[in-house]
Each structure stands twice: as C-alpha cells, then as structure tokens.
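> Its first residue numbered 54, the sequence shown is counted upward by one per residue in my numbering. Think of the CB as a built atom: it goes at the ideal place given N, C-alpha and C, for glycine as much as any other residue. The following block contains the structure, expressed as structure tokens.
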Amino acid sequence: MTKKRKKIKSPMEKFTLKQFLEMFPNDDVCLDYIRNKKYPKRIDCPKCEKNALFHRVKGRKSYACDFCGYQISPTSNTIFHKSRTPLTNWFYIIYLMAQTRGGISAKQIQRETGVTYKTAWRMCKQVRQCLDENYSPFTGEVEVDESFFGSRRKGKRGRGEEGKIAILGIVERNGKLEARTIPNAKSKTILPIVNENVAIEAMV
C-alpha cells in the first residue's frame, strides 16, 4: 500500500500576523532589515575605500560611513526607493501577498492601510512583479467577459449562474489570455480583479 506523502508547508504558512507585527513594528526596524539583507555588517566604502561600519543617519533612510561620512541608501534599486508610503505598509502588503494564495485586491490594501486606491494598485503591481518576474498587466485593447459552466440545478430554467461555475476571462487583443474561477459574476467581485490585472491606460 502506497503511503500518502505529507503536505510540506511553506515557512510563510507558519508565519502568523501576530509574529509579523512583532517582527516589524515600525519603519526603523523595516529599514534595518533591508540594510542587513542587502549589505554585510562591514562593507568597502565606495568613497574612501575603507572596510567600514555604516551607522544610521538620523531622520533619513540612509547609513553613513564611520570614516568619511559617505551615505548609502538600502532602499536604492528597490520598490521602496523614493516612496512616501511607510515601509510598514510595504512589508504588510508583501506579507499578505505571500500568505494569500488567491491574491489580494488593491481595494483591500486601501482599506487596511489607508493609502489611496491608486497608490494601493501601484504597490500591488510592484510587489506582484517582484514575486513573479514574468508578471505584466494587460495593456492595449482588453476584453473582459464572464461565462458559466456546468449543469443547472433541477427545476431551473433559462440561462443563469445557478448551479454553475463562473469563469472570468481577460483577453488582450492579439495577446495573452487569463481565465479564473470566481465565486459569482457580481460587479463587486469582477471590478477589483480587473483593476488589479489591467493597466490603467488600457482600453476595456
């Protein structure tokens, strides 16, 4: 008899929201985390070329060389660079997107972080691009349509969604296609998905 393989959980599945909030309570901790991940404890200063420790510059998102004062920014060349949004919000979005298999909507991010919808949409897109290097939003002429598959319930007549599986399709003219199951075909279900995956400048 073949034994069933045990499901291996990813580390993120064991990382609770309580643990996340305790680990990243404020922006200073988040910045230190980025710095420690990006640079070793001591680095060769690009200016004085000495192997130096870098200390945090008060009031700035940068660290200065102990010898010459040359500053480095841990957020440079990252999605956090020059962003006015608190790092805690960025980290929270990354946490949610890594935890949630079905993805999250920009509307949810707007509600939970207090940023504008436009900012939430941009942040979601940037984080998604980091998590999936092949991700790109639908652009140009885009068609969105829902369909229903499966048998109708007994006693039901006509065309409708009762007893059927709803499928949302997003098609880029002369380009890619994406289809996914949705719980229902209501606008409040469809619109967030469209806003997440279709570029703002696209023609829908």
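Cβ atoms of residue 113 and residue 106: under 8 Å apart, would you say?
No. Outside cutoff.
> Excluding the five sequence neighbours on either side, which residues of its own chain have a C-beta within less than 8 Å of the C-beta of residue 110, listed in chain order?
Result list for residue 110: 116, 117, 124, in chain order.
> Assuming residue 235 and residue 243 form a contact by the criterion Cβ under 8 Å, report the distance between their Cβ atoms to the nearest whole angstrom.
Residue 235 to residue 243, Cβ: 7 Å. Contact.
> Rounded to whole angstroms, what is the Cα-Cα separation between residue 79 and residue 140?
Approximately 8 Å, taken between the alpha carbons.
> Kindly indicate which residue of 167, 143, 194 has the alpha-carbon position closest to the one of residue 180.
Residue 180 has its Cα closest to that of 143, out of 167, 143, 194.
> Comparing alpha-carbon positions, which option in 134, 194, 172, 103 lies nearest residue 256?
Residue 194 is the option with its Cα nearest to residue 256.
> Please report how far the alpha carbon of residue 92 lies from the alpha carbon of residue 127, in whole angstroms.
Taking the straight line joining both Cα atoms gives about 8 Å.
> Decide if residue 89 is buried, meaning its Cβ has at least 16 other Cβ atoms within 10 Å, or exposed.
So residue 89 counts as exposed.
> Exposed or buried, residue 250, counting other C-beta atoms within 10 Å across all chains shown (16 or more means buried)?
Residue 250 comes out buried.
> Going by DSSP, what residue range makes up the alpha helix (DSSP H) through residue 180?
170-184 is the extent of the alpha helix (DSSP H) around residue 180.
> Check the DSSP bridge columns for residue 247 and list the partner residues they point to.
DSSP output for residue 247 lists no bridge partner at all.
> Mind checking residue 46: buried by the 16 CB within 10 Å criterion, or exposed?
Examination of residue 46 is not possible in this model, given that the chain is present from 54 through 257 alone.
> Does DSSP classify residue 198 as helix, strand or coil?
Here residue 198 sits in strand by DSSP.
> Would you mind sorting residue 162 into buried or exposed? The rule is 16 or more other CB atoms within 10 Å of its CB.
So residue 162 counts as buried.
> Would you mind sorting residue 150 into buried or exposed? The rule is 16 or more other CB atoms within 10 Å of its CB.
Buried, by the Cβ-count rule.
> Looking at C-alpha atoms only, which residue of 103, 99, 147 is the closest neighbour of residue 83?
Per the Cα distances, 147.
> Report the rounded CA-to-CA distance for residue 223 versus residue 167, giving the unit in angstroms.
Cα to Cα, the separation comes out at about 29 Å.
> Measuring straight from C-alpha to C-alpha, what distance separates residue 85 and residue 189?
Straight-line Cα distance between these residues: approximately 30 Å.
> What first and last residue would you give for the alpha helix (DSSP H) that runs through residue 225?
Per DSSP, residue 225 belongs to no alpha helix (DSSP H); it is in the beta strand (DSSP E), 218-225.
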